[in-house]
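Before any comments, here is the structure.
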Amino acid sequence: MPPTPGTLITVAPTGAELDKADVPQLPTTLEELVETAKSCEAVGAAMIHLHIRDADHRPTLDHGYLAAAVEALREQTSLIVQLSTGGSVHDPLEQRLTVLDAEPDSCSLTCGTTNFGDDVFLNPWGFMSDLYVQAQEREVVPEFELFDLGHVAALARLLDRHGLPFGGKVHVDLVTGVPGGMPGTTAALMAGVAMLPPEVTSWSATGIGRSHLPVAAAALSAGGHLRVGMEDNVVYARGVPVEHNSQLVERAAHLAEVMQRPAMSTDDARALLGVKDRRRPTA
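Residue numbers for the sequence shown follow this note's numbering, beginning at 1 and rising by one.
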């Protein structure tokens with residue numbers, strides 16, 4: 001992979017694991033998501049990774065909620081809109097495939113089953129393969145999420161079986177620090193990077209919880225990109241909770257600037273990922 005002069009910063013603002021009652025600053029309503037997206041774009045984010053909540057702040061894959069969020073963010077920001085196809089660990093596989101009906105720019109595609117704390121995040125081969133083919137057909141760019149080294153091998157198998165994604169680029173996110181997956185260490189991250197198949201054109205890293213900062217530093221030093229957000233980390237520093245996702249994006253952008261790989265614009269990020277431009281032209 002050639003070195004990338006800038007840094008793609010993805011914000012994952014909500015996730016499916018935390019309760020609004022426990023973390024009231026978590027953005028769960030459409031209005032909160034739009035405000036969060038605007039604030040994060042202003043300080044350096046170029047892509048937003050969305051899990052959607054219903055009127056009771058519970059995770060949902062309801063098409064109406066997903067489509068409304070995609071439309072609102074596309075109208076009010078320039079961010080690349082990526083929908084999670086993981087949902088929550090309790091969502092059935094068939095329902096997770098319907099996420100593409102909301103016509104996002106990108107979707108997550110997790111390349112294998114993972115022990116996820118006390119639960120199991122199920123991603124069998126048939127589901128992965130079906131999702132990948134549907135993403136190709138609908139011209140949605142997948143981000144391949146890799147929680148373990150076996151997932152890297154599964155990614156290579158997907159590419160060998162089905163060819164390149166729409167747009168011809170292959171972007172992966174190495175997720176570290178999940179109990180049951182790769183530990184949030186530089187050694188684990190670099191082991192994953194070393195195994196990436198040659199078709200991969202860019203990669204980012206996510207450090208869950210306390211691995212947030214060391215993994216970000218390792219990724220930047222190795223030419224990778226960053227994903228941050230309250231889905232992955234709700235503590236800004238020891239004893240200091242995150243009050244807004246923009247704090248995490250702003251810090252990531254500062255780190256990238258210090259490393260002389262400043263945050264990418266949304267246009268540069270679209271070129272990096274080969275994303276189809278679904279934005280409506282302005283009058």
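Don't be surprised by glycine CBs; every beta carbon is placed ideally from N, CA and C.
**Message:** Give me the residue from Y132, L158 and V193 with the minimum Cα distance to R96.
**Reply:** In the sequence shown, counting from the first residue as 1, residue 96 sits at position 96. Selected option, being the one with the closest Cα: Y132.
**Prompt:** So W140 packs on C107, CB below 8 Å; how close in whole Å?
**Reply:** Along the sequence shown, read from residue 1 onward, the residue named residue 140 stands at position 140. Along the sequence shown, read from residue 1 onward, the residue named residue 107 stands at position 107. The sequence as given places Val at residue 140; Trp does not occur at that position. Yes, V140 and C107 are in contact; Cβ-Cβ is about 5 Å, under 8 Å.
**Asked** Would a check of beta-carbon distances place R279 closer than 8 Å to chain D?
**Response** This model lacks chain D altogether; it includes just one protein chain.
**Asked** Beta carbon of T201, beta carbon of H171: below 8 Å?
**Response** Along the sequence shown, read from residue 1 onward, the residue named residue 201 stands at position 201. Along the sequence shown, read from residue 1 onward, the residue named residue 171 stands at position 171. A contact, by the Cβ cut-off of 8 Å.
**Request:** Leaving aside the five residues before and after A216 along the sequence, list all residues of the same chain whose C-beta is less than 8 Å from its C-beta, in chain order.
**Result:** Your numbering for residue 216 matches position 216 in the sequence shown. If we look at A216 and ignore the five residues flanking it on each side, its Cβ neighbours are A205, G207, L226, V228, A252 and L255.
**Asked** With a Cβ-Cβ cutoff of 8 Å, do I147 and T114 count as a contact?
**Response** Mapped onto the sequence shown, residue 147 falls at position 147. Mapped onto the sequence shown, residue 114 falls at position 114. The sequence shown places Phe at residue 147, rather than the Ile named in the question. A contact, by the Cβ cut-off of 8 Å.
**Item:** Burial state of D22, where buried means 16 or more other Cβ atoms lie within 10 Å
**Value:** The sequence position of residue 22 within the sequence shown is 22, counting from 1. Exposed is the call here.
**Request:** Output the distance between the C-alpha atoms of R157 and P197, rounded to the nearest integer angstrom.
**Result:** Along the sequence shown, read from residue 1 onward, the residue named residue 157 stands at position 157. Along the sequence shown, read from residue 1 onward, the residue named residue 197 stands at position 197. About 10 Å.
**Request:** Taking 8 Å as the cut-off, decide whether the C-beta atoms of I48 and Q25 are in contact.
**Result:** The count along the sequence shown starts at 1 and reaches residue 48 at position 48. The count along the sequence shown starts at 1 and reaches residue 25 at position 25. It is not a contact, given that the beta carbons lie outside the stated cut-off.
**Request:** Decide yes or no for the touch test of the segment 6-15 against the segment 256-266: beta carbon pairs closer than 8 Å, at least 3 of them.
**Result:** yes
**Request:** State the DSSP-derived secondary structure class of A283, mapped to helix, strand or coil.
**Result:** Along the sequence shown, one-based indexing puts residue 283 at 283. Low local confidence applies: a pLDDT of 48 at A283 is under 50, so the model's placement there is unreliable, with the coordinate-based value given in what follows. Residue state, collapsed to three classes: coil.
**Message:** What does the alpha-carbon distance come out to for the pair L273 and Q136?
**Reply:** For the purposes of this step, residue 273 is identified with residue 273 of the sequence shown, where counting begins at 1. For the purposes of this step, residue 136 is identified with residue 136 of the sequence shown, where counting begins at 1. Rounded to the nearest angstrom, the two C-alpha atoms are 14 Å apart.
**Item:** Minimum C-alpha distance to G180 - residue among L149, V242 and D105
**Value:** To locate residue 180, count along the sequence shown from 1; it is residue 180. Here the closest residue by C-alpha is L149.
**Message:** I'd like to know if the segment 63-80 and the segment 112-129 are in contact, where contact means that at least 3 CB-CB pairs between them fall below 8 Å.
**Reply:** no
**Prompt:** DSSP puts G207 in a beta bridge; with which residues?
**Reply:** The residue labelled residue 207 in the question sits at position 207 within the sequence shown. G207 pairs with T176.
**Asked** Under three-state DSSP, which class holds N115?
**Response** Here residue 115 refers to the residue found at position 115 when the sequence shown is read from its first residue. Correct three-state label for N115: strand.
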